[in-house]
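A.B. asks: Sharing a structure with you now.
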Ligand SMILES: Cc1ncc(C[n+]2csc(CCOP(=O)(O)OP(=O)(O)O)c2C)c(N)n1
């Protein structure tokens with residue numbers, strides 16, 4: 037409860053049986069369990085900020101709205117609750133768009149509350165209005181990536197719309213919802229008690245008995261069946277049920293990038309990630325399976341080797357059964373024998389219960405084949421885990437990170453070697469500890485998302501593993517971590533460029549024009565560690581491979597954030613699968 041005395045305006049309003057919308061709205065957000073809002077101020081939202089400041093809700097003030105959106109995304113992933121963003125109109129909302137779109141493409145629940153121009157000035161060019169095609173039109177910018185965009189045109193609608201926003205963001209296939217609020221509506225009077233209705237508890241859809249029986253029987257009788265797990269398995273917290281089903285019918289498990297962590301890394305039935313940056317054993321078993329049960333996945337391009345049947349999935353002749361929260365994903369890319377719209381946890385739980393004790397075909401030497409396949413692939417790079425080379429090998433960076441971070445600590449990546457290398461090579465044993473931007477693959481996600489992760493799980497380690505390109509998109513995160521007292525660790529893999537794209541261009545065009553950080557033809561390196569120290573957080577520049585482990589341990593024990601910068605060789609991640617872009621590039625004279 038707020039200890040702050042009511043303002044004159046609040047006291048006056050309450051005598052009339054009404055109360056200003058912003059205060060009632062904030063109390064409602066508290067009541068439905070909002071703990072933290074990430075955002076950036078502007079003249080359109082200070083009425084709400086005044087109310088938030090007097091409530092129990094924490095406000096993390098970022099210096100770029102993209103940071104706020106990614107942090108809210110990280111918070112949602114690590115807490116299981118909706119992330120909440122507060123944004124000013126116009127440039128604030130467009131700045132946040134990348135982060136909101138990133139959350140949308142990874143099915144992350146999020147509510148974005150934005151200020152807008154006063155409703156009585158719609159269309160007259162009030163300051164910062166977006167109105168080239170329609171009056172007060174900024175909310176339309178969010179249409180392609182929000183489950184619903186609301187502009188609140190009457191104060192009376194605010195309670196209803198807010199309740200709908202939290203309901204929609206978190207149900208079915210989760211995602212962001214925009215609530216666009218003309219600033220006069222924050223300051224309007226509403227009858228006391230206007231915000232009564234709370235989002236309903238939703239019973240999640242499961243499988244009917246016939247479908248359970250049909251799937252279990254098909255898996256038991258198939259010669260080479262396989263379970264394929266996507267991010268939906270993790271977001272519905274279904275990893276125990278997945279392992280129970282796999283063990284009951286002796287099924288190998290392959291997964292997507294977002295599905296990493298669906299099973300302990302050392303589980304003998306785990307094949308690893310499929311696709312371009314996957315593992316050969318995973319691709320081989322996917323391609324040669326006679327039946328695949330896919331759960332909580334889009335069967336998207338990177339993990340499906342651009343759907344080329346020579347590499348990852350060959351469907352048909354492989355038969356596909358697919359369980360997903362979203363009917364639109366079923367049958368999108370492959371002929372599908374049976375689809376079911378269901379919650380992954382309930383569906384896998386029902387399948388595991390029906391499979392327990394059930395006779396199934398002999399799987400032969402499956403476990404030995406998996407172990408041999410994984411060991412053979414790892415032999416390409418595991419000797420690098422102890423490499424003393426400097427600038428460091430990326431694999432050594434991963435091994436130092438794995439040794440330093442407790443199993444339940446979070447590894448939050450960006451895009452680049454960090455994402456591809458962790459997805460392929462980094463052992464994850466605790467579900468949900470690997471957090472990565474998959475659908476939009478947004479460079480700049482990791483450094484900001486880790487703030488929200490730490491906010492959600494303050495007692496667990498949270499390290500963001502990022503490239504120097506990704507980190508430098510928004511270094512203002514350092515100041516935000518300091519202000520919000522979030523002792524996160526940024527581990528910056530510094531190859532003085534946008535290394536992944538530089539490597540791609542070099543492979544196809546023989547140079548890396550436009551991809552490296554250079555000045556007067558020489559590598560240009562920024563001292564991010566010094567930048568961190570200038571903001572008051574720890575900043576360490578690694579000068580020898582053996583220094584990284586101790587630096588990480590010290591950073592994890594510290595009560596303030598730390599940035600560790602590691603000069604690194606720009607080595608490519610192995611690519612056992614296929615990506616069709618490599619067939620598209622053509623070099624001219
Ligand atoms: C916002 C955005 N812009 C561009 C890209 C394309 N992109 C993918 S990986 C990458 C390079 C990332 O560089 P860095 O963070 O230094 O990591 P590295 O590749 O060197 O490991 C780029 C530019 C992207 N994914 N997101």
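Residue numbers (the working numbering): 37 to 625. Backbone N, C-alpha and C fix where the C-beta goes; we use that ideal spot for every residue, glycine too.
1) Can you find a heavy atom of ligand 1 that lies under 7 Å from the Cβ of residue 477?
2) Could you tell me the alpha carbon to alpha carbon distance between residue 218 and residue 79, rounded to whole angstroms?
3) Would you say residue 529 touches ligand 1, meaning its beta carbon is less than 7 Å from a heavy atom?
4) Reducing DSSP to helix, strand and coil, say where residue 286 ends up.
5) Give the secondary structure of residue 114 by DSSP, where H, G and I count as helix, E and B as strand, and everything else as coil.
6) Under three-state DSSP, which class holds residue 309?
7) For ligand 1, I want to know if residue 533 counts as a neighbour, meaning its beta carbon is within less than 7 Å of at least one of the ligand's heavy atoms.
8) What alpha helix (DSSP H) runs, 4 residues minimum, are completely inside the segment 396 to 463?
9) Can you pull the DSSP bridge partners for residue 518?
10) Just to confirm, does residue 537 get its C-beta within under 7 Å of one of the non-hydrogen atoms of ligand 1?
11) Within its chain, find whatever has a CB closer than 6 Å to the CB of residue 300; leave out the 5 residues flanking it on each side and keep chain order.
12) Using alpha carbons as the reference points, say which of 100, 360, 148, 369 lies closest to residue 675.
13) Going by DSSP, which residues form a beta bridge with residue 470?
14) Out of 619, 514, 62, 357, which has the shortest C-alpha to C-alpha gap to residue 571?
15) Look up residue 220 in the DSSP assignment and say whether it is helix, strand or coil.
16) Cβ of residue 344 within 7 Å of any heavy atom in ligand 1?
17) Please find out if some non-hydrogen atom of ligand 3 comes closer than 7 Å to the beta-carbon of residue 503.
18) Return yes when the Cβ of residue 319 is within less than 8 Å of the Cβ of residue 343, no when it is not.
19) Any idea what DSSP makes of residue 530, helix, strand or coil?
20) With DSSP as the reference, please indicate the residues paired to residue 277 in a beta bridge.
21) Counting Cβ pairs, one atom from each stretch, are 3 or more of them under 8 Å apart for the segment 612 to 620 and the segment 574 to 587?
22) The alpha helix (DSSP H) that contains residue 357, what's its start and end?
C.D. replies: From the atom records:
1) yes
2) Distance between the alpha carbons of residue 218 and residue 79: 11 Å.
3) yes
4) coil
5) helix
6) Assignment of residue 309 by DSSP, reduced to helix, strand and coil, places it in the strand class.
7) yes
8) 402 to 414, 430 to 440, 453 to 461
9) Answer is none; residue 518 lacks a bridge partner.
10) yes
11) 465
12) Since the displayed the chain opens at 37 and closes at 625, residue 675 lies outside it and no answer follows.
13) Looking at the DSSP assignment, residue 470 forms a beta bridge with 447.
14) Nearest C-alpha to residue 571: 514.
15) helix
16) Taking non-hydrogen atoms of ligand 1 into account, the C-beta of residue 344 is found less than 7 Å away from none of them.
17) Ligand 3 is absent from the structure shown, which contains only ligand 1.
18) No, Cβ-Cβ distance for residue 343 and residue 319 is not below 8 Å.
19) strand
20) Per DSSP, none; premise fails for residue 277.
21) Taking a cut-off of 8 Å for Cβ pairs, the segment 612 to 620 and the segment 574 to 587 do not touch, as fewer than three such pairs fall below it.
22) Element bounds for residue 357: not the alpha helix (DSSP H) but the beta strand (DSSP E), 355 to 360.
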